[in-house]
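Under my numbering, read the sequence shown as residues 100 to 446, first letter to last.
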Amino acid sequence: MDALNSTGTLSASLSAFSAADGNALPSKPSFRSKLPLLPGKDHTAAVESANQYFASNWPWKSVDEYQRFLTHDLTWWGAFAAPDMLYDRMETAALLCALGFLLDDAIETCAPEQVKRFANRFEGLVFGTIPPENQMECAVADIYGRMRATDGTFYCKEHYLWLKESMGRGRADSSTLDSLDNYLKHRINDVGVILAMSLTDWWYNIKVPQHIKDDSSFKELILTCGLYGIFVNDLFSYRREVLEARMSGSDGILMNSISVVMHEKHLNENDAIRYVEDRLCSLEASLPDIEAELKKNYTGEDLEFCERYSKLVQGLYRGNADWSASCGRYSSRQLSYESLRPDTGII
């Protein structure tokens, strides 16, 4: 996962770095999702309010660091993933989405003892049972307090369990990167598939009936969409991760399916990228049959629920793909050295 926060002062653009390095970075991906697109609402006011919130309530090291946060478009992710979510969830959703990225990045870059200490306090901050000790903890406690105020206690628990697992799991070892299958088994949890489903339920104030949740076709739908999300994330974040590796002098296998495929199948970079794009197209093509298999088991209200939920889940991953293709975090602006330097002092 790429690091968001930065304290670097060297401003080297992507083109300048590539010229100096003598080895051009991969081209921006041309892949565009064909999953169904959900109808939209105007999230502009909610996103602007969330951005202003982080301006005042997050421990930025400088004004420039906050400006870099804005260029990454993190508060827009929910608007892409659930454009027609309930109005009363919009601002909190924008806050939660950005917070998830910020915390995930901090976990990647902080020292283990810092992560362990925060993990021990995270549950109390999420559920409001302990007082925050610093500005970052105040923001975490306040944002999850807003979620709880919208009948979100159950979803706070889902968030807590996911991030606690992320904080406790640590980095993947070499066995995780020796094959695409092993990599995907690790990433299906790391990328937050269960969290995405929890957010879907909260965004729309719905709950999946247990008998549908236990249906093997429903599980296949969620897993297939989750794999789709992993490949999309890897495809669009790859250029950034390559640049990070060069900046740090790392020459190992990246935590990215493109790098894993290059190693496992002995492909060059372009062929590995095409392989990932082909997997995305195959997953897209499989979803109508999976949805049909799910729906054939139900009638009445259960059938209506399955139809709606399938659209929402596919719409989430379509929105994620559209956001990934256009956001400043991955592709729409020049990458720079200072935007990639990790700040390890946030937790």
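Cβ atoms here follow ideal geometry from the backbone N, Cα and C, with glycine treated the same way.
Problem - Three-state secondary structure (DSSP) of residue 281 - result: Along the sequence shown, one-based indexing puts residue 281 at 182. In the structure shown, residue 281 sits in a helix (DSSP, three-state: H, G or I).
Problem - C-alpha gap between residue 140 and residue 345, whole angstroms - result: The residue given as residue 140 occupies position 41 in the sequence shown. The residue given as residue 345 occupies position 246 in the sequence shown. Using only the alpha carbons, I get a separation of about 40 Å.
Exercise for the section: Output yes or no for whether 8 Å exceeds the beta carbon distance between residue 328 and residue 416. Expected result: Position 229 of the sequence shown, counted from the first residue, corresponds to residue 328. Position 317 of the sequence shown, counted from the first residue, corresponds to residue 416. Cβ distance < 8 Å, so residue 328 and residue 416 count as in contact.
Practice task
Go to residue 169, then tell me how far its alpha helix (DSSP H) extends in each direction, as first and last residue.
Solution key: Sequence index remark: in the sequence shown, residue 169 carries index 70 (1-based). Looking at the DSSP string, the run of the alpha helix (DSSP H) that includes residue 169 is 162–170.
Exercise for the section: Can you say whether residue 429 is buried or exposed, counting buried as having 16 or more other CB atoms within 10 angstroms of its CB? Expected result: Looking up residue 429 in the sequence shown gives position 330. Buried, by the Cβ-count rule.
Exercise for the section: My understanding is that residue 475 touches residue 228, with C-beta atoms under 8 Å, so please give their C-beta distance in whole angstroms. Expected result: The question about residue 475 has no answer, for the chain in this structure spans 100 to 446.
Exercise for the section: Go through its chain and collect everything with a Cβ distance to residue 257's Cβ below 6 Å, but skip five positions before and after it. Expected result: Within the sequence shown, residue 257 is the residue found at index 158, counting from 1. For residue 257, where only same-chain residues beyond five positions count, the Cβ hits under 6 Å are 297.
Problem - Three-way DSSP call (helix, strand, coil) for residue 430 in this model - result: Working through the sequence shown from its first residue, we reach residue 430 at position 331. The answer is coil: DSSP assigns residue 430 none of H, G, I, E or B.
Handout entry: 8 Å Cβ cutoff met for residue 156 and residue 237
Key = The residue you call residue 156 lines up with position 57 of the sequence shown. The residue you call residue 237 lines up with position 138 of the sequence shown. Yes; because the gap between Cβ atoms is below 8 Å, this pair is in contact.
Exercise for the section: Flag this pair as yes or no: are the beta carbons of residue 335 and residue 378 separated by less than 8 Å? Expected result: Reading the sequence shown from its first residue, position 236 is the one you call residue 335. Reading the sequence shown from its first residue, position 279 is the one you call residue 378. No, Cβ-Cβ distance for residue 335 and residue 378 is not below 8 Å.
Exercise for the section: Tell me whether residue 198 sits in a helix, a strand or coil according to DSSP, three-state version. Expected result: On the sequence shown, residue 198 is found 99 positions in, with the first residue counted as 1. Helix at residue 198.
Practice task
Can you tell me which of 412, 400, 375 and 372 puts its alpha carbon nearest to the alpha carbon of residue 389?
Solution key: Indexing the sequence shown from 1 puts residue 389 at position 290. Of the listed residues, the one whose Cα sits closest to residue 389 is 412.
Practice task
Could you round the C-beta distance between residue 292 and residue 408 to whole angstroms and report it? I think they count as a contact, below 8 Å.
Solution key: Locating residue 292 in the sequence shown gives position 193, counting from the first residue. Locating residue 408 in the sequence shown gives position 309, counting from the first residue. Contact doesn't hold; Cβ gap of about 15 Å is too wide.
Handout entry: CB of residue 196 within 8 Å of CB of residue 169, strictly
Key = Counted from its first residue, the sequence shown places residue 196 at position 97. Counted from its first residue, the sequence shown places residue 169 at position 70. No.
Exercise for the section: Taking only the alpha-carbon atoms, compute the straight-line gap between residue 182 and residue 301 and give it to the nearest angstrom. Expected result: Along the sequence shown, read from residue 1 onward, the residue named residue 182 stands at position 83. Along the sequence shown, read from residue 1 onward, the residue named residue 301 stands at position 202. Distance between the alpha carbons of residue 182 and residue 301: 13 Å.
Exercise for the section: Assign residue 321 to one of three DSSP states: helix, strand, or coil. Expected result: Taking the sequence shown and counting its residues from 1, the one referred to as residue 321 is at position 222. The answer is helix: DSSP assigns residue 321 an H, G or I state.
Exercise for the section: Ignore the nearest five residues each way along the sequence and tell me which others in residue 184's own chain have a CB closer than 8 Å to its CB. Expected result: Sequence index remark: in the sequence shown, residue 184 carries index 85 (1-based). Only 140, 177, 192, 302 and 303 meet the Cβ criterion.
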